[in-house]
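Residue numbering for the sequence shown follows the UniProt record's numbering, starting at 1 and increasing by one per position. Every residue gets a Cβ at the ideal spot worked out from N, C-alpha and C, and that includes glycine. The structure presented is a predicted model; accordingly, all values stated were derived computationally and were not measured. Working notes, beginning with the structure itself.
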Amino acid sequence: MKDTDVLVVFGTRPEAIKMAPLVKALEATPGLRPVVCVTAQHREMLDQVLEVFDIKPDFDLDLMKPGQNLAELSAAALQGLNEIIASSSCEMVLVHGDTTTAFMGALAAYYNKVPVGHVEAGLRTYDKYAPYPEEMNREFIGRVADLHFAPTVTSALQLAAENRFAHVHVTGNTVIDSLQWTIKDKFDHPLLQELDSNKKWILLTMHRRENWGAPMEAVFQAVARVAEERDDVEFIFPVHPNPAIVRLAEEYLGGRERIHLCSPLDVVAAHNFMARSHFVLTDSGGIQEEAPSLAKPVLVLRDKTERPEGVEAGTLRCIGTNKRKVYTEIVRLLDDDSIYRLMSEASNPYGDGYASERIAQAVFEFLHP
């Protein structure tokens with residue numbers, strides 16, 4: 001039987017982390033051949049992941065440009081992806097999550113009447129501006145997808161509530177699969193030389209568009225206050241390369257004791273620092289799934305999360321971006337051992353490390369009924 005081409009589209013580092021194990025699973029599935037297309041919506045951070053997983057894209061749109069707005073990125077991605085899909089022999093397009101790349105990939109596939117598989121389907125806040133623009137991106141993708149790969153039962157039930165009953169598969173989250181490739185017993189990094197192993201390390205990540213400006217300033221002020229008042233903690237903050245974020249990080253956190261600003265970490269370093277941290281402070285989506293798999297509590301710098309399973313399980317706590325609230329919650333988790341224990345020992349609701357194999361098998365069965 002001739003292999004069926006499946007176009008796997010991604011463009012950002014988080015997408016790459018979650019799609020890389022799926023590419024490997026498709027490669028291992030007789031009858032399927034993954035064709036990888038990256039938009040490079042994030043260039044340098046994307047390339048780090050490709051190198052770790054030894055993935056060489058078949059197509060690279062290289063769309064990243066300084067100061068590019070959403071409309072410009074969307075138009076360029078749609079045009080480039082449309083040309084690739086129209087001229088290729090792919091019989092399915094797989095997209096992930098809620099990025100502009102994923103939305104445009106699904107839309108281009110729809111325009112060419114090629115079936116769409118949506119990995120990490122069914123996440124919702126039902127607030128079109130939280131997160132922005134991701135909430136509407138994933139809702140739009142859900143309307144055109146032919147296969148919905150829901151990471152949890154909750155996500156599947158949300159799809160059912162939207163009358164999407166057919167071809168919904170509960171698979172677990174592929175990010176759990178990726179940890180098998182990245183977590184190391186022996187791990188070395190230059191930043192380790194700056195950190196005191198006797199202190200509690202807090203990993204901070206913050207980049208979401210809706211948190212730019214005043215919300216980010218408030219969080220940074222709270223972090224600076226904790227670092228100033230306590231000598232038992234150290235913050236690790238890989239700063240997103242967006243100039244607006246870099247400027248605020250330098251203004252509020254630069255040059256302070258016990259706060260380590262660094263360039264974005266590659267996926268291996270990010271996962272291993274997370275595994276060695278005391279807890280995580282983040283507005284990221286994927287980290288809300290990764291950290292619980294490593295038994296790390298997560299304070300989510302958002303008012304709402306599309307990952308309610310983690311909140312219900314007790315691994316996540318949404319604390320928003322109010323300066324006083326952020327400060328209070330950080331200190332509480334540092335000082336209250338009972339709360340810390342409940343969060344760190346809560347069961348992980350996001351999967352068992354075999355999501356990619358389940359997705360590959362469902363794709364095969366859909367294309368070869």
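Tell me whether the beta-carbon of residue i lies closer than 9 Å to the beta-carbon of residue j.
i    : j    : result
K316 : R307 : According to the sequence provided, residue 316 is Leu. The question's Lys does not apply to it. Yes.
A150 : A121 : yes
L107 : F59  : no
P21  : S284 : no
A28  : I359 : no
V239 : I17  : no
L248 : E217 : yes
E15  : H96  : yes
F237 : H260 : yes
A102 : H118 : yes
H42  : G67  : no
E156 : V168 : Strictly speaking, residue 156 in this sequence is Ala, with Glu absent from that position. Yes, the pair counts as a contact, with Cβ atoms nearer than the cut-off.
Of the choices the options, whose alpha-carbon is the least far from that of residue i?
i           : options                   : result
E234        : D266, L265, L334 and S293 : L334
A214        : L301, P292 and L203       : L301
L281        : V95, I319, E250 and G172  : I319
D303        : T321, E228, A249 and A40  : T321
K199        : R276, D188, V144 and V223 : R276
A270        : L7, T205, G97 and A362    : T205
L40         : K18, I17, R13 and I55     : The amino acid occupying residue 40 in the given sequence is Ala; Leu does not appear at that position. The candidate whose alpha carbon is nearest that of A40 is R13.
L78         : M45, L50, M92 and N112    : N112
N82         : A362, L70 and V114        : V114
V219        : P57, I202, T305 and Y252  : Y252
Q361        : T171, R341, S74 and E229  : T171
residue 372 : R143, V331, S89 and L159  : Residue 372 is absent from the structure shown; the chain starts at 1 and stops at 369.
S87         : A109, T100 and E72        : A109
Output needed for residue i: all residues of its chain with C-beta closer than 7 Å, excluding positions within five of it in sequence on either side, in chain order.
i    : result
D3   : G31, L32 and R33
S197 : none
Q158 : G122 and R124
V153 : V170
Grab the span of the alpha helix (DSSP H) containing residue i for me, first residue to last.
i    : result
I84  : L70 to S87
R13  : R13 to E27
A270 : V267 to R276
W181 : T174 to T182
T100 : T100 to Y111
R307 : Element bounds for R307: n/a, residue is neither H nor E.
L92  : Per the sequence shown, residue 92 should be read as Met rather than Leu. No alpha helix (DSSP H) holds M92; the beta strand (DSSP E) holding it covers M92 to H96.
R247 : P243 to L253
E217 : A214 to E229
R171 : Sequence check: residue 171 is Thr here, not Arg. First-last for T171: undefined, no H or E at that position.
T328 : K323 to D335
Below 8 Å CB to CB, which residues in the same chain sit around residue i once its five sequence neighbours on both sides are set aside?
i    : result
E345 : A295
G310 : Q288, E289, P292, V298, L316, P349 and Y350
D127 : E135 and K304
Residues in the same chain with beta-carbon distance under 6 Å from residue i, minus the five sequence neighbours each way, listed in chain order, please.
i   : result
G80 : L61
A76 : L63
D98 : E134, N137 and R138
Roughly how far, in whole angstroms, is the beta-carbon of residue i from the beta-carbon of residue j, given that I think they are within contact range, below 8 Å?
i    : j    : result
D352 : I183 : Actually they do not touch by this definition, with Cβ atoms about 15 Å apart.
V23  : V36  : 6 Å
S263 : Y350 : So it is not a contact: roughly 28 Å between Cβ atoms.
E290 : M274 : 6 Å
E257 : A227 : 7 Å
L94  : V6   : 6 Å
L147 : F366 : 6 Å
S347 : A313 : 6 Å
A244 : W201 : So it is not a contact: roughly 26 Å between Cβ atoms.
How far does the beta strand (DSSP E) with residue i in it reach, from first residue to last?
i    : result
R317 : L316 to C318
F149 : L147 to A150
E135 : Counting along the chain, E135 falls outside any beta strand (DSSP E), though it belongs to the alpha helix (DSSP H) covering E134 to V144.
L299 : V298 to V300
Taking 8 Å as the cut-off, is the C-beta of residue i nearer than that to any heavy atom in the ligand ZN?
i    : result
A227 : The ligand ZN is not part of the structure shown, which contains no ligands of any sort.
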